[in-house]
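J.: Questions regarding the structure given below will be posed in turn.
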Amino acid sequence: MPLLELREITKVFPGVLANDRVSMRLERGEIVALLGENGAGKSTLMNVVYGLLTADGGEVLVDDAPVKIKSPRHAIDLGIGMVHQHFMLVEPLTVTENIVLGREPGRFGIIDFATARERVREISERYGLKVDPDAKIVDLSVGMQQRVEILKALYQGARVLILDEPTAVLTPQEVTELFKVVRSLVDEGLSAVFITHKLEEVVAIADRILVMRDGKVVGETTPSATDEIGLARMMVGRDVVLRIEKGASTCGDTVLAVEDVHVDDDRGLEAVKGITFSVCGGEILAIAGVDGNGQRELVESIVGLRRPKGGRIELKGKDITHANARASIEAGVSHIPEDRHRRGLVLEFDIAENIILGDHRTPPVAKNGIMHPKAITEVARKRIADYDIRTPSERVHAENLSGGNQQKVVVAREIGRNPELLVAAQPTRGLDVGAIEFVHKQIIRERDAGKAVLLVSLELEEVLSLADRILVIYEGRIVKEFAVADADAETLGYFMTGGGGSKIDKGAVPSVPETSATGGDE
Amino acid sequence: MLADIITPDLFASALRMATPLALAAIGGTICERSGVVNIALEGIMLCGAFAGVAVTLAVGNAWVGVLAAIAAGVAIAAIHAFTSINLRSDQVVSGTAINILALGLTGFLMEILYGHPGTTEAVETIKPIFRFASERGGGGFLAEVWHWVNTILFSHTPIVYMAIIIAIAMQWAMYNTRWGLHLRALGEHPRAVDTVGVSVLRGRWVAVLISGALAGLAGANLTLEQVGSFTENMTNGRGFIALAANIFGRWTPVGSYGASLLFGFADALQIKLQIFRGEINIPPQFFLMLPYILTVIVLAGVVGRSVGPAAVGKPYEKG
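Here the protein sequences come in this chain order: H and R.
Numbered per the working numbering, the first sequence spans residues 6 to 527.
Numbered per the working numbering, the second sequence spans residues 120 to 438.
Here's what the structure looks like:
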């Protein structure tokens, strides 16, 4: 008897058929992965199950009984819990307060915090999810916050756990940890729906895989019956190159030269502690490292968003150490920022406006300080076509695009400007395979056109597949340089977590990397 | 001269001056904690002040006037709640509109009811609760101490004490009850509250109405306990100072009360200093500026980067 069953669920948004007669079953003690690209309708389907959306057709059955789930409260009462992609946690409140929110123990409206804390401790011990019940959410790591979300669902009595893109915000170590947790929950008799667009995760965790495309279920399989390439084909509907082929690099003149640069972070602490490197035309130089080791500050100092405290930055021999963003763009630096929502786009602006930002002072877009709408439309349409941005018109607001298309707008703008240097910071964060393939191809095309590319990425796969040369950054210093042929994920991981460190000359043998650099979770 | 300025009276007066600020500031705290900016405190207070006097003049009982002031505050706040919660309009615009409305409405009603603008007839003010003799036999140090204690703590009208009780009670409720937990969550992450099945709409409505009641009570304190009559625009920016007190008090009821005490003290001090203007030789207008200068200094400097509720001012849309 399935715990949860969906029969022919249909959901229509204005102009879009988000779910087209989707059916699925979830048995007790089973993990079903819902795989699909962004916009395939996975989250819509689960929002219907969780009572956030109402289906236009079809049936939901819980324990074989048809139900009309009207609200999240109703879903919770039926034993359905959801861990949202954007956490539903109140940051200044404590772990306990967040977990019991809406179902507080106590009488006469007064919360019995002792009991609440006790119950939280009880559940967290029973499922092996250790967390400090009195810690404030804001002080916890993202992985820990997610754990609180899971505990919240368990506290509410969830038998079905829906995890919406749970790994998008996690570090690789946290992902491993999450998989263990989900597995042990399922062993305890819970069931889980795992929404994702990452192929390797599906293969690693799912018992059964449902692949969705354009609102429909296009296939069902199991990890043993398929592989990543097969899944990618099902998901995108065509063959996808997971690892891009590229020719040898032809190193031209030095484009970017960074010399002994020191940069402070927002708190005034030194984040970049004297970094020197150069990038030549026709080369992709990747900076690999665990998040928070000075990458952000380094990138910002190169693109003119942060003033270095010391050192020198040159672009084709021209000093741009103290250039601001405008001067930096004029000098020929383009920047794909790591956070497209905060830095890459003005979400309330339409595509046309977003796609010419930075070019808005220069012809053909503007002459003598006055912008020309016709020229903007022309440039926008050309870039939309060149970069395959899927949109009905250039007047669609950026906030209404899928993540992949948003990133294409950023890429179109930054590469379309024809820069000397492209600085790409985590250019594929949160994108699905189709979009990742596209962005990777564009970056390689820039390289092949003889431009210099500086890639900063946390994804080792990406670094290894794109880079010609790799620098490993750790605690604000470059600790190791590799030609890509000499690098593999394990060795990179070792140096990224401080393996080489200052003891490098003592001939330390690479062994199991210590994880303390990213710890602090427990 | 210092001994003439630093008297028990000064502190008692500070407590009195702080009361309307504190009540409105606590209202602001509750409102903003729910995620709704209430810039309309000024106008609500003014309407409460007017309603209190008008009803007292009509029925002859100041306590009925107090109830009327609270009711008027709730009614005006309901406008703000409806526009900013249900219609999801800009909360600052809605609040500003209410402030202008309150000014016009009270002026208009004065013309209608009393046939003239300016100030209403006087009503009999509410008297202090305690009446202990300030002089105790024997003299000496103990008598002096009693004089200070009696003047500062026991010389006040009921709403002054109510404000203290409300501050403590609200503080307790905010951190110990379901209502309080929901309130604190509402202003930070309304969707999180919604997804656990607690109504955002209702939570915010209740908070806005409570702030209306408190601002209305603040108005009643102003007219029925302190002045004894209503004058057009008599709140004179107190609603805005209350907002500053709320921020200085870091969005907590007791903090708001403490901050209000500081502003109240500034007000009391400027009144006191005006008496000595002959000797100090500084124009009296300068002293009048004191509370406002203090507000600017507090907001700009002392508070530093004070962080309010994350979702404050953002209308909530379901789904």
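All residues carry an ideal CB built from backbone N, CA and C; glycine is no exception.
Owing to the predicted nature of the structure, the values given are computational and were not obtained by experimental measurement.
(1) Which two residues bound the contiguous beta strand (DSSP E) that contains H:Glu225?
(2) Under 9 Å, do R:Ala144 and R:Ser318 count as touching if we go by C-beta distance?
(3) Taking the alpha helix (DSSP H) that H:Met51 falls in, what are its first and last residues?
(4) Output the boundary residues of the alpha helix (DSSP H) element that contains R:Leu121.
(5) Taking R:Thr175 as the reference, which of R:Arg135, R:Gly299, R:Ile360 and R:Asn340 has the closest Cα?
(6) Residues of chain R with a CB under 8 Å from the CB of H:Ser129: which are they?
(7) Taking CB distances under 9 Å as the criterion, tell me whether R:Val315 reaches chain H.
(8) Is there a Cβ from chain R that is less than 9 Å from the Cβ of H:Gly111?
(9) Which of the three DSSP states is assigned to H:Tyr479 in this structure?
(10) Would you kindly report the start and end of the unbroken beta strand (DSSP E) that includes H:Gly41?
(11) Nearest to H:Glu335 by alpha carbon, out of H:Ile341, H:Ile325, H:Gly34 and H:Pro342?
(12) Taking C-beta pairs closer than 9 Å, name the residues in chain R that H:Ile81 reaches, listed in chain order.
(13) For H:Leu106, which residues in chain R fall below 9 Å Cβ to Cβ?
(14) One question on the structure: do R:Met164 and R:Gly335 come within less than 9 Å of each other, judged by their Cβ atoms?
(15) For H:Lys2 and H:Val27, which I take to be in contact (beta-carbon distance under 8 Å), what is that distance rounded to the nearest angstrom?
(16) Mind listing, in chain order, the continuous alpha helix (DSSP H) runs of no fewer than 4 residues lying wholly within the segment 319-349 of chain H?
(17) Just verifying my parser: in three-state terms, what is the DSSP assignment at H:Glu109?
(18) What are the complete beta strand (DSSP E) segments, minimum 3 residues, inside the segment 178-210 of chain R?
(19) Take every Cβ of the segment 196-215 of chain R, pair it with every Cβ of the segment 324-335 of chain R, and state whether three or more of those distances are shorter than 8 Å.
(20) Under a three-way DSSP split, which group does H:Glu486 fall into?
(21) Looking at H:Asp269: is its Cβ nearer than 9 Å to the Cβ of H:Arg317?
(22) Could you tell me whether any Cβ in chain H is nearer than 9 Å to the Cβ of R:Ile366?
(23) Please list the terminal residues of the continuous alpha helix (DSSP H) segment that includes R:Met136.
(24) For R:His235, which residues in chain H fall below 9 Å Cβ to Cβ?
(25) Going along chain R, which residues have a C-beta under 8 Å from H:Glu96?
(26) Under a three-way DSSP split, which group does R:Phe349 fall into?
(27) Contact criterion: CB-CB distance below 9 Å. Does R:Arg297 meet it with respect to chain H?
(28) Do you know whose CA, among R:Ala361, R:Ile390, R:Phe406 and R:Phe384, lies nearest R:Leu418's CA?
(29) If contact means a Cβ-Cβ distance below 7 Å, which residues of the segment 60-84 of chain H contact chain R?
(30) Could you check if R:Glu151 is buried or exposed, using at least 16 other CB atoms within 10 Å of its CB as the buried criterion?
(31) Is DSSP giving R:Pro434 helix, strand or coil here?
(32) Can you give the beta carbon distance from H:Leu426 to H:Val260, rounded, assuming they're within the 8 Å contact cut?
(33) From the DSSP output, in three-state form, read off H:Asn24 for me.
(34) Between which two residues does the alpha helix (DSSP H) holding R:Ser375 run?
(35) Fully enclosed by the segment 416-471 of chain H, which beta strand (DSSP E) runs are 3 residues long or longer?
(36) Measuring CB to CB, does H:Leu310 end up less than 9 Å from H:Val277?
T.: The answer reads as follows:
(1) In the first sequence, residue 225 of chain H corresponds to position 220, counting from 1. It spans Lys221 to Thr226 - the beta strand (DSSP E) in which H:Glu225 sits, taken as one unbroken run.
(2) On the second sequence, position 25 is the one that residue 144 of chain R refers to. On the second sequence, position 199 is the one that residue 318 of chain R refers to. In this structure, R:Ala144 sits away from R:Ser318, with a CB-CB distance that is not shorter than 9 Å.
(3) As a working mapping, residue 51 of chain H is identified with position 46 in the first sequence. In the DSSP assignment, H:Met51 falls within the alpha helix (DSSP H) that extends over Lys47 to Val54.
(4) Position 2 of the second sequence, counted from the first residue, corresponds to residue 121 of chain R. It spans Leu121 to Ile124 - the alpha helix (DSSP H) in which R:Leu121 sits, taken as one unbroken run.
(5) For the purposes of this step, residue 175 of chain R is identified with residue 56 of the second sequence, where counting begins at 1. Per the Cα distances, R:Asn340.
(6) Here residue 129 of chain H corresponds to residue number 124 of the first sequence, with the count starting at 1. Those do not exist, as H:Ser129 stays about 18 Å from chain R at its closest Cβ, beyond 8 Å.
(7) Counting from one through the second sequence, the residue named residue 315 of chain R turns up at place 196. Closer than 9 Å to some Cβ of chain H, the Cβ of R:Val315 qualifies, so yes.
(8) Position 106 of the first sequence, counting from 1, holds the residue named residue 111 of chain H. Any Cβ of chain R closer than 9 Å to the Cβ of H:Gly111 would place that residue at the interface, and such an atom is present.
(9) For this step, residue 479 of chain H is matched to residue 474 along the first sequence. Of the three classes helix, strand and coil, the one that applies to H:Tyr479 here is strand, per DSSP.
(10) Indexing the first sequence from 1 puts residue 41 of chain H at position 36. Run containing H:Gly41: Ile36 to Gly41, per the beta strand (DSSP E) assignment.
(11) For the purposes of this step, residue 335 of chain H is taken as the residue at position 330 of the first sequence. Nearest of H:Ile341, H:Ile325, H:Gly34 and H:Pro342 to H:Glu335, Cα basis: H:Ile325.
(12) Stepping through the first sequence from its first residue, residue 81 of chain H is reached at position 76. Near H:Ile81 (Cβ distances below 9 Å), the residues of chain R are Thr314, Val315 and Gly316.
(13) Translated into positions along the first sequence, residue 106 of chain H becomes position 101. Ordered by position in chain R, the residues that pass the 9 Å Cβ test against H:Leu106 are Leu300, His301, Ala304, Ala311, Val312, Val315 and Val317.
(14) Mapped onto the second sequence, residue 164 of chain R falls at position 45. Mapped onto the second sequence, residue 335 of chain R falls at position 216. Closer than 9 Å, so yes.
(15) Nothing in the structure corresponds to residue 2 of chain H, since chain H is present only between 6 and 527.
(16) 330-336
(17) Here residue 109 of chain H refers to the residue found at position 104 when the first sequence is read from its first residue. Coil, per DSSP.
(18) Correct list: empty.
(19) yes
(20) Counting from 1 along the first sequence, the entry for residue 486 of chain H is found at position 481. In this structure, H:Glu486 counts as strand in the three-state DSSP scheme.
(21) The residue given as residue 269 of chain H occupies position 264 in the first sequence. The residue given as residue 317 of chain H occupies position 312 in the first sequence. No.
(22) On the second sequence, residue 366 of chain R is found 247 positions in, with the first residue counted as 1. So no, R:Ile366 is outside the interface.
(23) For this step, residue 136 of chain R is matched to residue 17 along the second sequence. Looking at the DSSP string, the run of the alpha helix (DSSP H) that includes R:Met136 is Pro127 to Arg152.
(24) Numbered from 1 along the second sequence, position 116 holds the residue referred to as residue 235 of chain R. Correct list: empty, because the minimum Cβ distance to chain H is about 49 Å.
(25) One-based indexing of the first sequence puts residue 96 of chain H at position 91. Going along chain R in sequence order, the residues near H:Glu96 (Cβ under 8 Å) are Glu307, His308 and Ala429.
(26) In the second sequence, the residue the question calls residue 349 of chain R occupies position 230. Coil.
(27) On the second sequence, position 178 is the one that residue 297 of chain R refers to. It does: the Cβ of R:Arg297 has a partner Cβ on chain H nearer than 9 Å.
(28) As a position in the second sequence, residue 418 of chain R is number 299, starting the count at 1. Cα-wise, what sits closest to R:Leu418 is R:Ala361.
(29) Ser76, Pro77, Arg78 and Ile81
(30) As a first step, residue 151 of chain R is located in the second sequence; it is residue number 32 there, counting from the start. With 16 or more other Cβ atoms inside 10 Å of its own Cβ, R:Glu151 counts as buried.
(31) Locating residue 434 of chain R in the second sequence gives position 315, counting from the first residue. R:Pro434: coil per DSSP, three-state reduction.
(32) In the first sequence, residue 426 of chain H corresponds to position 421, counting from 1. In the first sequence, residue 260 of chain H corresponds to position 255, counting from 1. Sure, about 5 Å apart at Cβ, within 8 Å.
(33) Residue 24 of chain H sits at position 19 when you count from the first residue of the first sequence. If DSSP states are grouped into helix, strand and coil, H:Asn24 belongs with the strands.
(34) Here residue 375 of chain R corresponds to residue number 256 of the second sequence, with the count starting at 1. Element bounds for R:Ser375: Pro372 to Ile394.
(35) 426-430 and 457-462
(36) Here residue 310 of chain H refers to the residue found at position 305 of the first sequence. Here residue 277 of chain H refers to the residue found at position 272 of the first sequence. Against a cut-off of 9 Å, the Cβ pair of H:Val277 and H:Leu310 comes out as no contact.
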